[in-house]
Structures are given as C-alpha cells and as structure tokens.
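Engineer: Before we start, here is the structure in question, set down as structure tokens.
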Amino acid sequence: MNSKKPDLALPGETEKVENAVFSPKLVAATSIAPAHLEAEIIYSLGKLEVMRVFRLYPNCPAIACDLYFRGESANSWVQSGTNLADMVNLDKLTGSNSGSNAPVLEKIELRGHHWQLNAVEFFDVTDRFNNLVKSVRALSYRPNFYRENMLFAYDNATDNGVFILKEAPTSNVQLAYPGSDFITENGVFRAVGIGLNPDDLNPNEWKRGYGFVTGIYSGNKKNGVIALRNYQKNLRILESGRDEMVLMNTWGDRGQDSRVCESFAMSELEECAKLGITHFQLDDGWQLGQSSNSAFKGGSLESIWNNPKYWEPHPERFPNGLEPVVKKGKELGIEVCLWYNPSRDNSNENWEKDADALIGLYQKYGIRTFKIDGVSQPDKMAELNFRKFLDKVSLATNQQVVFNLDVTAGRRGGYHFFNEYGNLFLENRYTDWQPAKHPKVFGSTFYWEGGVAGGSKLERPCLYLEKGVPKYLYGATRADKAQTMSFNVAVPLIRTENEK
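For the sequence shown, the positions run 2 to 501 when the working numbering is used.
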C-alpha cells in the first residue's frame, strides 16, 4: 500500500478519527454459516459514528467488511461528478482528486502500471432483461469510472491480482447511487457508493450501508473467480435437502390463481415425482387474501394487514388446509413450498406481522422454503425493515427457513445482497413467451473471463417441451456430482380439462 490516506472517505467529513475502539471476536458456527473471526472497529468523524465489521473465514483469501453509520451529518455525500471530457489536459488529469465527489467505502493503492481490469455488471429485473451479465475489460490508466458490481485487477508484470466485490443490489437500483461503483487510476482502486444519505441517519440507531469484499489471487486470471467463489461459499452453508433443490412453481401454468386448489396441487405433485423434482412451490392463490396479480377482480397488495386472515389457506380452494398437500409431498419425497408477498406499506413498516405469519406457517405445516415476491425497496427504511423481517424469521426458526428471493421485477436485492438468507428465484420463462419453433426453454448462462459463474444458488428453468407439452427435465451437476445445481421450472406440468 502506498498511502496513509483513509480507505473510507465521505465527502465533506473530517478525516480526523476519534474515540476508536477495536473489538475482535470468534463467531461460532451456525446451521448456515461457518465459524469465523469478526473484528469490529467503531470510531467518530465529528458527529458521525462509523462501525466497520470485518469478517475473515478460514482458508479464504478475502476479507469482507459490513458498514454501519450512526449520528448526524450536514454534508452531501453524493455530489455531481466530473465529466472526463472536461478534463482537457494532462495537468488536470494528473492533478485530479478522483473519488472526492463520491462516498468511498474501500480504497487500495498498489504499485505497478500494468493492471488489467475486468469489471463485471449484473442485471436483475429478469422479466425485462435476459442478458444478465456484462463484462468490461480495460487497462488501468488515468481516472476512469465503472458501473459494475465487481472488479478484478490483474498485474501482468507479477501475475498477482486483487478483486473487490461491492455487496449491494445491482447498479441500476442502488440507493444514493453516485453514478458508478468503481473508480480506477493506475494501481489505485476505489469502491464508491454506500447506499445511504445523511438524511437516513439516526443518532440512536446503527444504519447498515453497502459492504465490500477485498480478495487476492495469483497465477492466472481464472484464480480470481476461484477466490471469489471461495468467499461466496462461506456466506451460506449449502445443506443437502434444505438448500439444494429442483423446484417447480405453479405460476407458470398461465392461469394465475384461477386453478390453484387442493386437487390441482395433488396432480402436480404426482407429475413432479415423475420428473425427479424435489421442491413443489404453490405460488399466489393458496392464500385467502387476493393479490393484485389475481385472475379475478378486486385484488390488491396494498394494506394487506387490514385483513388479519390474508395469509390463511383459502377455505374454498383448500378446504382441508394445507395438511393434505404437505402430507402428499412427504409421501412422494417432495418438499412443499409457498409463495409469500410481504406488506410494503410505508417502507415495509409491517415487517413484524409479516415475520409472524411466516413463522406461524413454518410451525404449523413445517414449510420452510418461501418464495418472497413483490418486494419494494425504494428507500433505506424499506431496505432495513426488510432485513429485520428476514432476521426475525431466521432467528425464530433456528435458521431453517430458506428465502427464495424473487428478482424478476422491482427494486430488490439482486445477486450480491441478502445472500446469507437463501437463494434466488431468478426468472420467469413461460411457454407462451417463446416462439413455437424453439422446443427448448432455458435461460442464459453467466459468463465472464475466467469461466462460468457458479449457479448453485440460482434457479434456472430447464425443461424440454414437445408441442408445448413438457417431456423431461434436466439440471446441471458438478463434475464430481457432489452438488446438484438448483433451478426453477415455471411452466405447467399437466393440462387441465379446459386445455385439452
């Protein structure tokens, strides 16, 4: 490192650190996370308090940092940046103070002038986007800005590399976004954008911002991806039966909630068993409350808790409750899962009621995998309340609940936020979305330099069709067959009478 300047810097805030406290501790293993070391650093920048929680995992070449803020600030942390086209001469470029207009959450300064960059941006909102990854390769030189979630930097002179992962939603939905995620200049690499503004601060409560992970690798560029995956596998232990799944979801029958009922679920379970599906997910329609996506008029996702029975089984569609469906699933070796849409009123202010509803379903039926849909995080309070919802359910169920987080639409967590809580419901790809000449329905693959991104926590639809009728299902396994990649099938498995 070539500088004594702070690696965390907020525009307008003093660099003078006061009241610093360092507190390391060993964190015991849980059912979802391995044992690891945490180092907590709390300090003051004037009236602003900063807490940095560093996480170090055994045999992992990366250090993660979660950031929290408390207090107050009269400054503006997200300011208008400099257009590089306006920096017309070398003196201005050389004398630039890159990053001074944006909150910097991580900065590393390394020797060398032969750094080759690979900046990778991810896209969710998959109902609209099908190309989900974009990679930009460049040589680090004068100050430049990158709108990406992760940055790999490889020194061609020494064959050593470093990566920074910004643990945040995708760039196009981040809060308090400064216009880019990384600023590079020769061997200086900054991650910018902390996900909150001074207006979000509270003098009595820590507010969590976006975090980052810094890792190292050597030998070749592919080892950077391996080092990244090493870290990501420590975020959540993949337990067979709980986390590994081939999941079928009922929404793909294109009837919305019009066909969901006990007999339909029983028939679907029989078909799932023939295809080797491990998890059967009842989507919207199992519950008494009627959502805005209903095939019938009058549904809404607003003011859900005006109806305290909203999340009880629909008495006409499931007159015997969900017990017969769950029992049938167990007989066939299939785990029954449910769709759930948290109340989004007033920045998710009813998060405790939502959590209690899920806890009740877990306790009554033993259902532990929930597709979490309709999430809206337009502001920091909504994001923090959503995390409180996830935390309460996890704690009350001994972390056995798996949150299948939908990223098909809206402002949500994306690929690198809330990873510790479960997996992703990645996309809807229905049979009527595909031209008839394409008999195979599948999603795009994640590629970037160094190989294919791991897909163990993404659900991918992989179902062969003939004339629109499902014939057989396939999935991907690792070469050693030690882990089945989870994926989702959002298409019907049977036809109802009126479709024959």
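Just so it is clear, CB atoms sit at the ideal spot from N, CA and C, and this is done for glycine as well.
#1: From this set, 274, 279 and 288, which residue's C-alpha is nearest residue 261's C-alpha?
#2: With a Cβ-Cβ cutoff of 8 Å, do residue 77 and residue 162 count as a contact?
#3: Note the first and the last residue of the continuous beta strand (DSSP E) segment covering residue 395.
#4: Just to confirm my understanding: we take residue 139, look at its own chain, exclude 5 residues before and 5 after, and list those with CB closer than 6 Å. What are they?
#5: Ordered along the chain, which non-local residues of its own chain (more than five positions away) have a Cβ less than 8 Å from that of residue 252?
#6: Helix, strand or coil for residue 408? Go by DSSP, reduced to three states.
#7: How about residue 344 and residue 306: are their beta carbons less than 8 Å apart?
#8: Give me, in chain order, the residues of the same chain whose beta-carbon lies closer than 7 Å to that of residue 423; leave out the 5 immediate sequence neighbours on both sides.
#9: Compare the C-alpha of residue 27 against each of 5, 213, 8 and 58 and name the closest.
#10: Where do the ends of the beta strand (DSSP E) carrying residue 355 lie?
#11: How far does the beta strand (DSSP E) with residue 151 in it reach, from first residue to last?
#12: Buried or exposed for residue 249, please, with buried defined as at least 16 other CB atoms from any protein chain shown within 10 angstroms of its CB.
#13: If we count the other Cβ atoms within 10 Å of its Cβ and call it buried at 16 or more, is residue 6 buried or exposed?
#14: If you draw a straight line from the alpha carbon of residue 29 to that of residue 230, how long is it in whole angstroms?
#15: Give the C-beta separation of residue 197 and residue 381 to the nearest angstrom, bearing in mind that I take them to be a contact with Cβ-Cβ under 8 Å.
#16: Give the secondary structure of residue 238 by DSSP, where H, G and I count as helix, E and B as strand, and everything else as coil.
#17: Residue 41 lies in the beta strand (DSSP E); which residues open and close that run?
#18: Count the other CB atoms within 10 Å of the CB of residue 355; is the residue buried (16 or more) or exposed (fewer)?
#19: Can you give me the Cβ contacts of residue 256 inside the same chain, cut-off strictly under 7 Å, excluding the 5 residues immediately before and after it?
#20: For residue 105 versus residue 189, is the C-beta spacing smaller than 8 Å?
#21: Considering only the alpha carbon of each residue, which of 264, 328, 336 and 186 lies closest to residue 320?
#22: Does DSSP put residue 326 in a helix, in a strand, or in coil?
#23: Can you give me the C-alpha to C-alpha distance between residue 65 and residue 323, rounded to a whole angstrom?
#24: Indicate the three-state DSSP secondary structure (helix, strand or coil) for residue 215 in the structure shown.
#25: Can you tell me whether residue 142 is buried or exposed? The criterion is at least 16 other CB atoms within 10 Å of its CB, across all chains shown.
#26: To the nearest angstrom, report how far apart residue 388 and residue 348 are at their CA atoms.
#27: Give the DSSP bridge partners of residue 109, in chain order.
#28: Of the choices 352, 128, 191 and 25, whose alpha-carbon is the least far from that of residue 152?
#29: Could you tell me which residues DSSP pairs with residue 122 in its beta bridges?
#30: Just tell me which of 38, 222, 116 and 316 has its CA closest to the CA of residue 235.
#31: Looking at chain D, is there any beta carbon in it that lies within less than 8 Å of the beta carbon of residue 285?
#32: Do residue 70 and residue 41 come within 8 Å of each other at the CB atom, strictly closer than that value?
#33: Excluding the five sequence neighbours on either side, which residues of its own chain have a C-beta within less than 8 Å of the C-beta of residue 314, listed in chain order?
#34: With residue 330 and residue 376 assumed to form a contact (beta carbons below 8 Å), what rounded beta-carbon distance in angstroms separates them?
#35: Considering only residues of the same chain and omitting the five flanking positions on each side of residue 399, which have a CB-CB separation below 7 Å?
#36: Cα separation between residue 48 and residue 239?
Structural biologist: If we stick to the structure as given:
#1: The candidate whose alpha carbon is nearest that of residue 261 is 288.
#2: no
#3: That residue, residue 395, is in no beta strand (DSSP E); its alpha helix (DSSP H) goes 381-397.
#4: 118
#5: Hits under 8 Å: 284, 285, 340, 429 and 491.
#6: Three-state result, residue 408: coil.
#7: Judged by their CB atoms, residue 344 and residue 306 are nearer to each other than the 8 Å cut-off.
#8: 403, 404, 405 and 406
#9: 58
#10: First-last for residue 355: 352-366, but that is the alpha helix (DSSP H), not the beta strand (DSSP E).
#11: 151-156
#12: buried
#13: exposed
#14: 22 Å
#15: 5 Å
#16: coil
#17: 37-46
#18: buried
#19: 296
#20: no
#21: 264
#22: Residue 326: helix per DSSP, three-state reduction.
#23: 42 Å
#24: strand
#25: exposed
#26: 12 Å
#27: 190
#28: Selected option, being the one with the closest Cα: 191.
#29: Under DSSP, the beta-bridge partners assigned to residue 122 are 135.
#30: 38
#31: Here chain D cannot be found, since the structure has a single protein chain.
#32: no
#33: 287, 288, 289, 322 and 323
#34: Not confirmed; about 26 Å, so no contact.
#35: Closer than 7 Å at the Cβ level, and outside the excluded window around residue 399, lie 32.
#36: Going from the Cα of residue 48 to the Cα of residue 239 covers about 42 Å.
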